[in-house]
Structure formats: structure tokens, C-alpha cells
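The structure appears below as C-alpha cells.
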Amino acid sequence: MLRIGLTGGIGSGKSTVAALLVERGARLVDADRLAREVVAPGTPGLAAVVEAFGDGVLGPDGGLDRPALAAVVFADPEQRARLDAVVHPLVRARAAELVAAAPEGAVVVQDVPLLVETGQAGSFDVVLVVQADLEVRLTRLVERGMTREDAQARIRGQATDEQRAAVADVVLVNDGTRDELADQVAAFWAQRVAGRV
1 MLRIGLTGGI GSGKSTVAAL LVERGARLVD ADRLAREVVA PGTPGLAAVV
51 EAFGDGVLGP DGGLDRPALA AVVFADPEQR ARLDAVVHPL VRARAAELVA
101 AAPEGAVVVQ DVPLLVETGQ AGSFDVVLVV QADLEVRLTR LVERGMTRED
151 AQARIRGQAT DEQRAAVADV VLVNDGTRDE LADQVAAFWA QRVAGRV
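In case it helps, UniProt numbering puts the sequence shown at residues 1 to 197.
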């Protein structure tokens, strides 16, 4: 098995890179999707979040009100650390189950937005970082419906490009078109993956 840790700041294009790797046969373990799964209605994870932050983080349907929770945790590093202490162990446990279930010889890509922040770089055979210029990222996030201020707050809450580059085996720069990014992914696959599986 080849384990690839994929990371990059919000708006950098990680999801596009993940999709391109899946097209080449990789299995994807998406930490963001798992983070939603472990706090779904009726889960112990949701109960723990409510215990930590109160009923104000619940929506009318009994599910997690993500914007309400984000307003609390992105404004206060201590509250964010509190949330991370609840959610991260659950996500890691679920990710480990999915990796263990992958067939022998698989290429497993773990999309981990906070790979650097959570100290997981050493857990992978290859760390692949996607970077994009700050203004490009802000434009993408605003186009997705986020305010510029919210986008800047999210970016400030993550590792810097320099911190991610320091743990990277390979850096893909995604300031251009999807085709240009696809070419970089193809080169990465040929150079770092094809000969190892």
C-alpha cells in the first residue's frame, strides 16, 4: 500500500487534486467528509460537541448547525482547540478503519486539510501539498459564497504555505487552469506513484 497525505489551505484546490488522483485509481479517505460523518445526528460525536458547546450549536432538525459552531470556534483559538479535541480523534479512528480496509497494493490518498496543524506528516509515505496564491484562494472562496472576511479568518486559522512546504515531498502550484493542475498530477503519478504499486 502507498499512503499519500494530501493537504493544502482552504481554496487551494485539494479537492480537485483528490478527484484527479481517484480518476487514476487511488482510494480517497476525505477527512472533511469524515468530520461530518462523526458528528451526524445520533452519533456520540454530536453528543460530545453539544456537551462541549451547548444546544446553540444544534439546528432545528437536531443536526449540527455548522455556521453557528463556526462562529464560535473560528473567533476563539481556545474554542477551536476544544472542538478539535472532540472531533480529531474520531476522524483519525474512522480514517484508520478505512485505510485498513483498503486492498493490498492500493494507493490510498488521505485528504487532510489540517495535516500540518495536527502533526500527521510522518504518517504518510508521501506528503503532497497543493498551494495557490492568497488572492487566488480568496477569489475562489468568495465565489463559493463566503465573505472575504470569513475567508481570511479561515486562512489565518490554518498553517502557512511555508509550514506546509516544510513537510511536503511534492508541492503542486494551482494558480492556473484545471488542465494545468491535471498535468502536474499526471507528472506526480508517473514519478512518485506508478513505480511503487
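Built from N, CA and C at the ideal position, the CB exists for glycine as well.
Nothing here was measured: the structure is a model prediction, and the numbers come from that model.
Exercise for the section: Take residue 254 and list the residues in its own chain whose beta-carbon comes closer than 7 Å to its own, dropping the five residues that flank it on each side. Expected result: Only positions 1 to 197 of the chain appear in the structure, and residue 254 is not among them; the question remains open.
Exercise for the section: Output the distance between the C-alpha atoms of V49 and G195, rounded to the nearest integer angstrom. Expected result: Translated into the one-based positions of the sequence shown, residue 49 becomes position 49. Translated into the one-based positions of the sequence shown, residue 195 becomes position 195. In a straight line, the C-alpha of V49 is about 44 Å away from that of G195.
Handout entry: Collapsed DSSP secondary structure at residue 259 in the structure displayed
Key = The chain is shown from 1 up to 197; residue 259 falls before or after that span and cannot be answered.
Exercise for the section: Confirm the yes/no value for this check: CB of R164, any heavy atom of the ligand SAH, distance under 7 Å. Expected result: Of ligands this structure carries none, so the ligand SAH is not represented either.
Exercise for the section: Counting only the same chain and skipping the five closest in sequence on each side, list residues whose C-beta sits under 6 Å from that of G62. Expected result: Residue mapping note: residue 62 aligns to position 62 of the sequence shown, counting from 1. Excluding sequence neighbours, G62 sits near P41.
Problem - Cα-Cα separation, A52 to A68 - result: Taking the first residue of the sequence shown as position 1, residue 52 is located at position 52. Taking the first residue of the sequence shown as position 1, residue 68 is located at position 68. The alpha-carbon separation between A52 and A68 amounts to approximately 14 Å.
Practice task
Report the three-state DSSP secondary structure of Q110 (helix, strand or coil).
Solution key: Here the question's residue 110 lines up with position 110 in the sequence shown. The answer is strand: DSSP assigns Q110 an E or B state.
Exercise for the section: Measure the alpha-carbon distance for G59 versus D65 and round it to whole angstroms. Expected result: Within the sequence shown, residue 59 is the residue found at index 59, counting from 1. Within the sequence shown, residue 65 is the residue found at index 65, counting from 1. Rounded to whole angstroms, G59 to D65 spans 5 Å at the Cα level.
Problem - Range of the contiguous alpha helix (DSSP H) that encloses I155 - result: What you label residue 155 is simply residue 155 of the sequence shown in a count that begins at 1. Taken as a continuous stretch (DSSP letters only), the alpha helix (DSSP H) holding I155 covers 148-156.
Practice task
Please confirm whether P77 and K14 have their CB atoms less than 8 Å apart.
Solution key: Within the sequence shown, numbered from 1, the residue matching residue 77 stands at position 77. Within the sequence shown, numbered from 1, the residue matching residue 14 stands at position 14. No. Outside cutoff.
Handout entry: Buried or exposed (CB count within 10 angstroms, at least 16 for buried), G45
Key = For the purposes of this step, residue 45 is identified with residue 45 of the sequence shown, where counting begins at 1. The residue is buried, with at least 16 neighbouring Cβ atoms inside 10 Å.
Handout entry: Ranges of the alpha helix (DSSP H) found wholly within the region 31-110, counting only runs of at least 4
Key = Counting whole runs of 4 or more residues, the region 31-110 contains the alpha helix (DSSP H) stretches 31-37, 44-53, 66-73, 77-101.
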